[in-house]
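> Be aware that the sequence shown starts at 243, since it is given in the numbering used here, and climbs by one per residue. Note that beta-carbon positions come from the ideal geometry of N, C-alpha and C, so glycine has one too. Bear in mind that the values here come from a model prediction, so they are computed numbers and not experimental data. One structure, pasted below without further comment.
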Amino acid sequence: MRKLVYGMNVSLDGYIAAPGDDLGWGSQSQSDELFQFWLDQERAIGLFLYGRKLWEVMSSHWPTGDQQPGATPAQIEFARNWRDTPKVVFSSTVDKVDWNARVFTGDAVAEIARLKAEDGEPMRVGGATLAGAAMRAGLVDEYEIVTHPALVGGGKPYFAAVDSWVNLDLVETRTFPGGVLLTRYQTRR
């Protein structure tokens with residue numbers, strides 16, 4: 243059985259995107275060390291699961307991220323890893339994808355459960371709506387919360403409402419330059 247990880251950058255008040263889907267608040271506390279952390283995490287993932295909005299953000303930059311002026315070695319490797327890693331985009335409105343991706347238009351929870359039941363490397367779910375559905379279905383095994391020192395006042399919350407308590411075990415904490423804090427939890431089964 244594959245492990246399902248939900249990890250994203252989060253504002254201190256719990257949002258992955260500010261109003262208007264603004265992600266700029268996180269760039270102010272980015273560091274090379276934090277970027278390297280994300281690269282190391284992504285290298286361990288065998289399949290990315292994206293909702294439409296996160297797919298649009300990722301696919302607008304990372305296919306050519308290694309060709310951008312001033313790209314760091316870690317950004318170059320991140321772009322290459324992103325292109326090479328298989329991806330499933332869960333959407334009823336996206337018609338065509340590229341870069342080792344496929345579109346799935348059916349029942350997202352059933353498909354994630356099916357993929358999770360397979361043998362293979364861990365999967366990462368991204369995007370608040372898709373991750374929320376996986377959370378409610380009890381499919382998320384691990385939460386990586388990278389909290390940035392910013393209050394955005396609203397937007398897309400990291401956590402979706404769940405139907406019942408989910409008990410977690412703290413696995414790791416780590417600080418990064420700029421006051422960024424990683425907390426990693428595993429779902430207690």
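(1) Within its chain, find whatever has a CB closer than 6 Å to the CB of Gly368; leave out the 5 residues flanking it on each side and keep chain order.
(2) Where does His303 land, buried or exposed, given buried means 16+ other C-beta within 10 angstroms?
(3) What are the start and end residues of each continuous beta strand (DSSP E) run of 3 or more residues lying completely inside the stretch 289 to 377, in chain order?
(4) From Ala321 to Val388, what does the alpha carbon distance come to, in whole angstroms?
(5) Does the separation of the CB atoms of Pro399 and Leu254 fall below 8 Å?
(6) Anyone know if the C-beta pair for Arg244 and Glu384 falls short of 8 Å?
(7) Residues in the same chain with beta-carbon distance under 6 Å from Arg366, minus the five sequence neighbours each way, listed in chain order, please.
(8) Per DSSP, what kind of secondary structure is Leu246 in: helix, strand or coil?
(9) State the CB to CB distance for the pair Glu284 and Asn323, rounded to an integer number of angstroms; the pair is presumed to be in contact (CB under 8 Å).
(10) Which term fits Ala260, buried or exposed, when burial requires 16 or more other beta carbons within 10 angstroms of its beta carbon?
(11) Can you confirm whether the stretch 403 to 416 touches the stretch 326 to 333 when touching is taken to mean that 3 or more C-beta pairs between the two stretches lie within less than 8 Å?
(12) Name the residue from Arg431, Val422, Thr429 whose alpha carbon lies nearest to the alpha carbon of Trp267.
(13) Taking Ser271 as the reference, give the member of Thr425, Ala376, Gln428, Thr417 with the closest Cα.
(14) What residue from Gln428, Arg431, Phe401, Thr415 has the CA that sits closest to Gly256's CA?
(15) Let's test the definition: count the other Cβ atoms within 10 Å of the Cβ of Leu393 and tell me whether it reaches 16, buried, or not, exposed.
Walking through what the data contain:
(1) Excluding positions up to five away in sequence, the list reads Tyr292, Leu296.
(2) Counting of Cβ neighbours within 10 angstroms places His303 among the exposed residues, the total staying below 16.
(3) Annotation: the stretch 289 to 377 contains the following complete segments of the beta strand (DSSP E) (minimum length 3 residues), in chain order: 289 to 293, 329 to 332, 343 to 346, 365 to 368.
(4) Between Ala321 and Val388, the C-alpha separation is close to 20 Å.
(5) Note that the C-beta distance between Pro399 and Leu254 is not below 8 Å.
(6) Remark: C-beta atoms of Arg244 and Glu384 do not approach each other more closely than 8 Å.
(7) Excluding sequence neighbours, Arg366 sits near Val247, Ile287, Phe290.
(8) Leu246: strand per DSSP, three-state reduction.
(9) Taking a contact as a CB-CB distance under 8 Å, the pair Glu284 and Asn323 counts as one, their CB atoms being some 6 Å apart.
(10) The residue in question, Ala260, is buried, as its Cβ has 16 or more Cβ neighbours within 10 Å.
(11) Output reads no: the stretch 403 to 416 does not touch the stretch 326 to 333.
(12) Closest by alpha carbon: Val422.
(13) Here the closest residue by C-alpha is Thr417.
(14) The residue with the shortest Cα to Cα distance from Gly256 is Phe401.
(15) It counts as exposed.
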